[in-house]
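Engineer: Pasting a structure here, questions to come.
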Amino acid sequence: MPFSFFPIVFGVILGTLARYLMLKSDYRHYPSYPHGIITHISLGFIAAVLGSVAVPALMAKEFAAVSFLALAAQQFREVRTIEREMLLNLDKSELVQRGPDYIEGIARVFESRNYLVILTSLVVSTVTLFTHWIFGFAAGALAVMASNRLMSGRRVGDIAQVRTGDIQFKGANVFVEDIHIMNIGADEAREILQKRGVGVVIEPVNDNERETLGNNGQRMAIAHDAASQLGIYKDVDTPEFTPLVRRDLDTGRIAMLIVPIEKDPEFLIMAVKGVPVLESATGKPLKSRAGKLAED
3 MPFSFFPIVF
13 GVILGTLARY
23 LMLKSDYRHY
33 PSYPHGIITH
43 ISLGFIAAVL
53 GSVAVPALMA
63 KEFAAVSFLA
73 LAAQQFREVR
83 TIEREMLLNL
93 DKSELVQRGP
103 DYIEGIARVF
113 ESRNYLVILT
123 SLVVSTVTLF
133 THWIFGFAAG
143 ALAVMASNRL
153 MSGRRVGDIA
163 QVRTGDIQFK
173 GANVFVEDIH
183 IMNIGADEAR
193 EILQKRGVGV
203 VIEPVNDNER
213 ETLGNNGQRM
223 AIAHDAASQL
233 GIYKDVDTPE
243 FTPLVRRDLD
253 TGRIAMLIVP
263 IEKDPEFLIM
273 AVKGVPVLES
283 ATGKPLKSRA
293 GKLAED
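Counted the way the working numbering counts, the sequence shown spans residues 3 to 298.
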């Protein structure tokens, strides 16, 4: 239908723009520039086309065109699988690995953002089709803001108190405050830990967050993000300087010992507070009757 051409094109443009605005290339080193970004912008363009043509195709009684939405959903699920496999392979070469839980969360994000692009372009093309392009633009802006809001999850700083902790040595054992981290025998390694090491203590605000921080995948994410942002004083042959995150079984506190290249506790705390809370790690024992009654 000729009158549908402009709403479709307008929806495609704003939908693709929405995908670009949701795309971030930062300390996580992925998506890489330019190849990874081009790949995801291209997928966003395809998602925008599918969303934009849905309502005009229904009005033109082209029901076969609408069926492509179901096919697209299947293809975007494949995107999630591809991203997961690629990131798992890349993780093998990291000095401090993300871990499978973090990678699964990243793969889910890449899949869901394509669905948000479909929704944005669908809203833009529909509003433009029945009203005016200005209203379509306003609807697209609201959809983009809502999409960014939906994609911004909780951070460690939202669920816990983060502070520095004193590193203590008792013989060959290393502690951050009273939380045992590891046993280290080499005198040279102990000297480096004393000189360059930084201890961080993370205290959950309630029993739900204690369960979340106790998840091993969440702890791996904390260590990885801290090492990525402040650098890590280690190489492939110095495993004793790998950042370790250990749990106090009595209180649920966790402690991290890290040897950053940039020894700045203030910025380390900032980095830890900004670590995303993984969906797979989120626990809510207080939502159950037994968990609520057992709360300390």
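Virtual Cβ for every residue (Gly too), placed ideally from N, Cα, C.
(1) Beta-carbon within less than 6 Å of Asp-250's beta-carbon, same chain only, minus the 5 sequence neighbours each way: which residues are those?
(2) Using 10 angstroms around the beta-carbon of Met-24, count the other beta-carbons present and answer buried if the total reaches 16, otherwise exposed.
(3) For Ile-15, which of Val-146, Ile-256, Leu-152, Lys-265 has the nearest alpha-carbon?
(4) Grouping DSSP H, G and I as helix and E and B as strand, with all else coil, what is Ile-234?
(5) Can you tell me the Cα-Cα spacing of Gly-74 and Ser-114, whole angstroms?
(6) Assuming contact is defined by CB atoms lying nearer than 9 Å, are Val-178 and Lys-275 in contact in what I supplied?
(7) So for Arg-86, helix, strand or coil by DSSP?
(8) So, is Ile-260 buried or exposed, given that buried needs 16 or more other C-beta atoms within 10 angstroms?
(9) In terms of residues, what are the limits of the beta strand (DSSP E) holding Met-184?
(10) Using the Cβ count rule (16 or more neighbours within 10 Å means buried), how would you classify Leu-144?
(11) Is Thr-41 helix, strand or coil when you go by DSSP?
(12) Can you give the Cα-Cα distance for Val-126 and Phe-112, rounded to whole angstroms?
(13) With DSSP collapsed to three states, give me the class of Thr-166.
(14) Under a Cβ-count criterion, where at least 16 other Cβ atoms within 10 Å of its own Cβ denotes burial, should Lys-197 be classed as buried or exposed?
(15) Only counting the same chain, and skipping five residues up and downstream in sequence, which positions put a Cβ closer than 6 Å to that of Ile-256?
(16) Is the beta carbon of Gly-285 sitting closer than 9 Å to the one on Asn-217?
(17) Please name the residue or residues paired with Arg-157 in a DSSP beta bridge.
(18) Look at the alpha carbon of Gly-173 and the alpha carbon of Ile-39, and state the distance between them as a whole number of angstroms.
(19) Buried or exposed: Phe-7, going by 16 or more other Cβ atoms within 10 Å of its Cβ?
(20) Go through its chain and collect everything with a Cβ distance to Val-129's Cβ below 6 Å, but skip five positions before and after it.
(21) Just to confirm my understanding: we take Val-245, look at its own chain, exclude 5 residues before and 5 after, and list those with CB closer than 8 Å. What are they?
(22) Can you give me the start and stop residues for the beta strand (DSSP E) that Arg-248 sits inside?
(23) Can you tell me whether DSSP reads Asn-210 as helix, strand or coil?
(24) According to DSSP, is Val-55 part of a helix, a strand, or is it coil?
Structural biologist: Let's see:
(1) Ile-181
(2) Buried is the call here.
(3) Val-146
(4) coil
(5) The sequence as given places Ala at residue 74; Gly does not occur at that position. Each residue's alpha carbon lies about 12 Å from the other.
(6) no
(7) Arg-86: helix per DSSP, three-state reduction.
(8) buried
(9) 181-185
(10) exposed
(11) helix
(12) 22 Å
(13) Here Thr-166 sits in strand by DSSP.
(14) exposed
(15) Ile-204, Leu-215, Val-247, Arg-249
(16) yes
(17) Per DSSP, Pro-278.
(18) 50 Å
(19) exposed
(20) Phe-137, Gly-138, Ala-141
(21) Checking the sequence shown, residue 245 turns out to be Pro, not Val. Correct list, in chain order: Val-98, Ala-225, Ala-228, Ala-229, Ile-234, Met-258, Leu-259, Ile-260, Val-261.
(22) 246-249
(23) helix
(24) helix
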